[in-house]
Structures are given as structure tokens and as C-alpha cells.
Amino acid sequence: MSAAESMGADAVGLTKPAATATTPRKKMLELDDLHVFYGAIQALKGVHIEVDEGEIVALLGANGAGKTTTLRTISGLLTPREGEVRWRGERIDGVPAHHVVGLGIGHSPEGRRVFPAMTVTENLNMGAFRFKSVPRAELDRVFELFPRLAERRTQLAGTLSGGEQQMLAIGRALMGQPKLLLLDEPSMGLAPLIVAQIFDIIREINEQGTTVLLVEQNAAQALRLAHRGYALETGSVVLSGPADQLLSDPKVREAYLGEGA
Amino acid sequence: MQPDEILDYLIPGIMLGALYAVIAIGYTLVYGVLQLINFAHSEVFMVGAYSALLALTWIDPSSNPTTFMSVLLVAAGLAVSGTAGAATAFTLEKVAYRPLRRRNAPRLAFLISAIGASYFLQNLAGKLFGRDSRALPTVFENKKVFSVFGTQVTILQLLIVCAAVLMMVGLDYLVNRTKLGLGIRAVAQDAETAGLMGVDIDKVISRTFIIGGFMGGIAGFLFGLHLQLSFTMGFLPGITAFAAAVVGGVGNIRGAMMGGMLLGIVESFSSPIFGESWRYVSAFAVLVLVLMFRPTGILGERLGRSA
Ligand SMILES: Nc1ncnc2c1ncn2[C@@H]1O[C@H](COP(=O)(O)OP(=O)(O)O)[C@@H](O)[C@H]1O
Ligand SMILES: [Mg+2]
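Just so you know, the protein sequences line up as chains A and B, in that order.
Heads up: the first sequence begins at 877 in the working numbering, then just goes up one per residue.
Heads up: the second sequence begins at 18 in the working numbering, then just goes up one per residue.
As C-alpha cells, then:
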């Protein structure tokens, strides 16, 4: 039995995030009792998650816990059988994906999913597809955040290294000028040095005003970056709280940071 | 065949190849966005020819048009056949494929639906236009325009090659330089992710059918300018163009152009070399040969992508 199962959500004492002392909370995204199915298989079993304006929220959990399913439901790729997705108070579950991006929700999907036969620039143009023309300032900003992409503008995305493809996937999502950025395992399969770089850039993106919902299996690094965190286990939220409290909780350390009890 | 006869077969081969290329593009475009062989595309071609028959007979059924009338008839034929082809392909997608897509039907269901739609359209045309062959009214007198090393090039050959080249250049521009083209390429490479970027996948698919149908319809009219129309006229050019798309690498637009040209030329040369009865065997012999050595076709590297 894992530590998370044995203690349950209340064991940490913080199912609700503590409001930051200075600024009042401004709810951006609310997932309310989400039940999501793949055919007969239930992947989410009543998930509650909230993201406030300006935060970085980490969504942790082992393989198969339902992290990707959660992001895909927010983006409109999946429709919940029960429960609601609310964006600034309005229901958006059931809104198709190509409209969700127009609300200001950008999604960098699991496995990067760059368009392999398009150049770096074309991939970035794709990120701005919802606009009539490609916003020049945004392109400059992405190239500033990721100078390696600027050097490789005319290279086909399929020929980039894993780290560069990840940067491209994030940059592409930024081209849609999202208010909320969904990142699905940006560290997957990358060398530690590259992961550190990418996490620094995520912090920078957040400091420039974009709210981030970060899905990670790499719990320690994600929690060091995030303001708050949630842990999913087989489709349910089993833990939540401010990131530093989760980080120092011995039971979290055992279950998600790979430390013996 | 004497060396000085080569051009006598090469020029008709290029004309035929241009037609196959234009039709093959219709197969390959749809395959690109849907991973589906639209077997009813041959009937889009047939509809293009019959729509031109209706329009041209209505405008001027006389057998001796003036030059002005010829230009008008060609323009009308192109416009009507393109529009009819586009409308047919658009409707086909809406009726025969979209409902299956909505229900996540298995691939076999799409194939059955395609074949069903194909037979439906064929027999509808047989019912409406009769089961005997028909010919388009005389659109122009097929004069020689110029000669290349003694081989005459006719107005018809020139018209077909020019129309085909124009359509292919236009398509290349559309796919590589416009926003719709960017959307088409994105859907072909990763439809779900394209959706995440704001691409309306249904709209892109629908427009892809329209583009392929427009080109297929015009090919039907051009074909009808030198051969008879019948309700089954789509079958042989359709299956040859499909082979051309596969030879070039299905899903690859430039591959379809190359494959069409190759099969047209091979077909044209096979009758003097092997005899007329081998004419329609040659294209498929090339298909088998190419696939033996390159299972994904000449320019196809994307076939294994979704496997
Ligand atoms: N396309 C699918 N079809 C059926 N089951 C799926 C599909 N995608 C995910 N699942 C199942 O849903 C559960 C959650 O998966 P996922 O959200 O991908 O987890 P995570 O991202 O946390 O690894 C898993 O049990 C997985 O097997
Ligand atoms: Mg996942």
C-alpha cells in the first residue's frame, strides 16, 4: 500500500490551498467532480482541481493516474460523463478543442506532438492558427525564451532533438497567447540539464504573466517550481496543498519523491 | 518502335499522365487528412464529365463552333465540371464519411461506404443519362498547334497539359503558402494536435474534399474531350490514378503528380512495345514493381506513420 493511499487527502490537512497573504485569489479554472471514461474504463473518478490566476500548479501522479486525461478534458479533447469544467466561472466542458484554445487555454501535449514534416517556424505559426495573422511580438518572445529554436527556424521539427522538440511544443502553445498553459510532462525522456533549463523557462513564462498547470512525474522538481500541487492516484485526487508543504511532508517524500520511509 | 517515333508516344503519354496526376491528387489529398481511400473519387470524375455534357449541350449543340464559341465552351466546361466535382465530393464527405467519423466506425466501414457510394453514383448516372456511351458536343476543331521534331501537338493535348499544370501549381501554392494549406498539412500530420491549435478539423476535411473534387471534375471534362462518356467511365482512369497515388507514395502530393505522369507515359508506350492489349496491364505492373522495392511508394515515407 502506498503512502498516499494510507493517509488520504486530509492527512496533509490542506485539501484547500491557503490563499496567498497579499493578493486575493482569483479563480481561473475549476474542475468540479470530473468523471471521464474511455469506453467502459473510468479514468477520472470525481476529480476536483482549482487553478488561480498567476499560479503554477503541479499535477503529480504515477503512470496511468489520470494526469493526461485531466488535461485532455480541460482542452476539450475529451468530454466528461459527469462533472464540470469551469473557465472563469463559465462551463466549457463539451466545447470542442478548436474553440477552447480561443478562450486562452494553451496545451503542450504529452509526447510533444510537434508537426514533424513542418519547419520550426511553421510549427510556431500553427500555434498562432487561431489568429488571423501570426503575432510578430509573440514570435520574438518565443525566440527570446528559446534561442535554440531561433537558430533552427528552417529545420524540420521531426529532425530536432527531444529537448528542442519540447521547447518547440511549449513555444507553439505560447504562440496562441494563452492565459493558462497546460504542460504535459515536459521533462519526459530528457537529460537532467535540459530539464533544468526547461523548468527555468517555465518559471520565466509564469513570471511574465501566464498561469501554468504542470503535469509531472518528476515530483521534486515540479514542486520546487510550483505554488501548489495536487496528487492523482487511479483517477482521484489523494493529496493537495501548497508546494512547500507537500515537499516537506515525509509521506509525500516517500510516495512521490522515491525516498524510503 | 523507331527512335523517331518516341515523341509520337511521349506526347500523348504526357497528356494522359497529366490527367492521371490531377485525379491521383484527389485520392492522395483525402488520404492525407483522413487515412481513407475515397473509392468514390472515380465517380466525382464521371460527374464532372456529365455535368459538362449537360452544360455544353445547353449552350451550343451545333457541331461547328466559332473560335469565340470554342473559348466560351471550354471555359464553361471547366467551370461547370469543377463546380460539379467539388459539390459531389463535398456531399460525399457529408453523407458517406462524416456520420461514420462521428461514431468512430472501424476502417472497414469507411471502405464499404466508399464502395457503396461509388456504385450508387454510377448507377444513378446510368439511370439519368442512359447506359449507352455519349460524346460531348464538338467544342473545338482539334487542330495541330505546333510540332516538336516532326511530331504534331494538338490543341487538345496543349489544353489538357496546361490545365493540369495550372491546377497543380495552384494546389502547390494553396497547400504550402496559405493558411488553409497549413491547416490541411497539420491535420494530415496530427489531426488531434491540429485541433488543439484551433484548427476546425471537420472544416479542413470538407475543404480538402472540395479541392480534390474540383480537380477530379475538371479531369472528367478534359477526358470527355477526347473519349466517350459513360456511367462507368470513371472506373479505369480512377483505378489507374489510384495506382499512381500509391506509386508516388499515398498522402504525398508531389508523389501523386510524379506517379500519374509515370503511369501515363508507361501506358502510352506499352501499346507500341507490347501491343495494344497490354495497355491497361502496364500501369498495374508498374504498381507491383514499385511496391516490391519501395512498399511506401516513390516519395512516400509517411505511410507507416499512423500504423
Ligand atoms: N485512449 C485510451 N483508451 C483507453 N484507456 C485509456 C486511454 N488513455 C488512457 N487510458 C487509461 O486511462 C487511465 C489514465 O491514463 P492517463 O490519463 O494517460 O494517465 P497519466 O497521464 O497519469 O499517465 C489509465 O488507466 C490509462 O490506461
Ligand atoms: Mg500522461
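We put the CB at the ideal spot given by N, CA and C, even for glycine.
request  = Alpha carbon to alpha carbon, how far is residue 1006/A from residue 997/A? Give it in angstroms, no decimals.
outcome  = Straight through space, the alpha carbons of residue 1006/A and residue 997/A are spaced by roughly 16 Å.
query = How would you call residue 71/B, buried or exposed, if buried means at least 16 neighbouring beta carbons within 10 angstroms?
reply = Burial call: exposed.
query = Does the segment 79-92 of chain B come within contact of the segment 264-272 of chain B, defined as at least 3 CB pairs closer than 8 Å?
reply = The answer is no - the segment 264-272 of chain B does not touch the segment 79-92 of chain B, with fewer than three Cβ pairs under 8 Å.
task = Can you grab the Cα-Cα spacing for the pair residue 929/A / residue 906/A, in whole Å?
result = Distance between the alpha carbons of residue 929/A and residue 906/A is about 11 Å.
task = Can you grab the Cα-Cα spacing for the pair residue 313/B / residue 303/B, in whole Å?
result = It is roughly 14 Å from the alpha-carbon of residue 313/B to the alpha-carbon of residue 303/B.
query = Cβ-heavy atom distance between residue 2/B and ligand 1 below 7 Å?
reply = Within the shown structure, residues of chain B are numbered from 18 to 324, placing residue 2/B beyond reach of any answer.
inquiry  = I'd like to confirm something about residue 941/A: is its beta-carbon nearer than 7 Å to some heavy atom of ligand 1, or not?
reply    = A heavy atom of ligand 1 is found nearer than 7 Å to the CB of residue 941/A.
request  = Report yes if the CB atom of residue 985/A is closer than 8 Å to the CB atom of residue 1032/A, and no otherwise.
outcome  = No, these two residues do not count as a Cβ contact at 8 Å.
message = Quick check on this structure: which residue in 39/B, 20/B, 48/B has the alpha carbon closest to the alpha carbon of residue 223/B?
response = When the alpha-carbon of residue 223/B is set against those of 39/B, 20/B, 48/B, the nearest one is in 48/B.
message = Below 7 Å, is the gap between the Cβ of residue 1092/A and the nearest heavy atom of ligand 2?
response = Residue 1092/A Cβ: outside cutoff for every heavy atom of ligand 2.
query = Which residue's Cα is closest to the Cα of residue 232/B: 39/B, 261/B, 69/B, 96/B?
reply = For residue 232/B, the closest of 39/B, 261/B, 69/B, 96/B by C-alpha to C-alpha distance is 39/B.
ask   = What whole-angstrom Cβ distance do residue 281/B and residue 65/B have, given they're in contact under 8 Å?
value = With 8 Å as the limit, residue 281/B and residue 65/B do not qualify as a contact, their Cβ atoms being about 18 Å apart.
task = Confirm the yes/no value for this check: CB of residue 986/A, any heavy atom of ligand 2, distance under 7 Å.
result = Yes, the beta carbon of residue 986/A sits closer than 7 Å to at least one heavy atom of ligand 2.
ask   = Taking 7 Å as the cut-off, is the CB of residue 919/A close to at least one heavy atom of ligand 1?
value = Taken from the Cβ of residue 919/A, at least one heavy atom of ligand 1 lies inside 7 Å.
task = Report back the beta-carbon spacing between residue 936/A and residue 1098/A to the nearest angstrom; my notes put them in contact at under 8 Å.
result = The beta carbons of residue 936/A and residue 1098/A sit about 6 Å from each other, so the pair counts as a contact at 8 Å.
query = So residue 259/B and residue 42/B are in contact, right, with Cβ under 8 Å, and what is the actual spacing, rounded?
reply = So it is not a contact: roughly 11 Å between Cβ atoms.
Exposure of residue 1125/A, with buried meaning 16 or more beta-carbon neighbours within 10 Å = Answer is buried; the Cβ neighbour count reaches 16.
query = For residue 134/B, which residues of its own chain have a beta-carbon under 7 Å away from its beta-carbon, when the five flanking residues on both sides are left out?
reply = Same-chain partners within the cutoff: 57, 109, 113.
Assigned secondary structure, residue 969/A (DSSP; H/G/I helix, E/B strand, else coil) = DSSP places residue 969/A in coil when its eight states are reduced to three.
request  = With DSSP as the reference, please indicate the residues paired to residue 1146/A in a beta bridge.
outcome  = Given that chain A is displayed from residue 877 to residue 1137, the structure contains no residue 1146/A and the question cannot be resolved.
ask   = Beta-carbon separation of residue 151/B and residue 245/B under 8 Å?
value = In contact: residue 151/B and residue 245/B (Cβ atoms closer than 8 Å).
task = Give the C-beta separation of residue 942/A and residue 1101/A to the nearest angstrom, bearing in mind that I take them to be a contact with Cβ-Cβ under 8 Å.
result = Actually they are not in contact, since the Cβ atoms of residue 942/A and residue 1101/A sit about 21 Å apart, beyond 8 Å.
inquiry  = So with CB distances below 9 Å, who are the chain B contacts of residue 994/A?
reply    = Simply 199, 202, 203, 206.
request  = Would you list the one or two residues that DSSP bridges to residue 169/B?
outcome  = For residue 169/B, which the question treats as bridged, DSSP gives the partners 164/B.
inquiry  = Cβ closer than 8 Å: which chain A residues qualify as neighbours of residue 251/B?
reply    = Neighbours of residue 251/B in chain A, taken as residues whose beta carbon is under 8 Å from its own, are absent, since the nearest beta carbon is some 31 Å off.
request  = May I ask you to check if the CB of residue 944/A is nearer than 7 Å to at least one heavy atom of ligand 2?
outcome  = True, at least one ligand heavy atom lies under 7 Å from that Cβ.
Proximity of residue 959/A and residue 910/A at Cβ, strictly below 8 Å = Taking 8 Å as the Cβ cut-off, residue 959/A and residue 910/A qualify as a contacting pair.
ask   = In whole angstroms, what separates the C-alpha of residue 194/B from that of residue 1025/A?
value = The straight-line gap from Cα to Cα measures roughly 22 Å.
query = Ends of the beta strand (DSSP E) at residue 1092/A?
reply = Its beta strand (DSSP E) spans residues 1087-1092.
Within the segment 1038-1071 of chain A, ranges of the beta strand (DSSP E) (whole runs, at least 3 residues) = For the segment 1038-1071 of chain A, whole beta strand (DSSP E) runs of length 3 or above, ordered along the chain, are 1056-1060.
query = Using a Cβ-Cβ cut-off of 7 Å (strictly less than) and excluding sequence neighbours within five positions of residue 300/B, which residues of its own chain qualify?
reply = Apart from the 5 residues on each side of it in sequence, residue 300/B sits with its Cβ closer than 7 Å to the Cβ of 257, 260, 280, 283, 284 in its chain, given in chain order.
key: Length of the line joining the Cα atoms of residue 1015/A and residue 30/B   = When rounded, the distance between both Cα atoms is 48 Å.
Residue 817/A, DSSP secondary structure in three states = Because chain A here runs from 877 to 1137, residue 817/A falls outside it and cannot be looked at.
ask   = Which residue or residues does DSSP assign as beta-bridge partners of residue 983/A?
value = Note: residue 983/A sits in a beta bridge opposite 1058/A.
ask   = By Cβ distance below 6 Å, which residues in the same chain neighbour residue 957/A in space, the five residues on each side in sequence not counted?
value = The residues are 911, 913.
key: Backbone secondary structure at residue 1128/A - three-state DSSP   = Under the three-state reduction of DSSP, residue 1128/A is assigned to helix.
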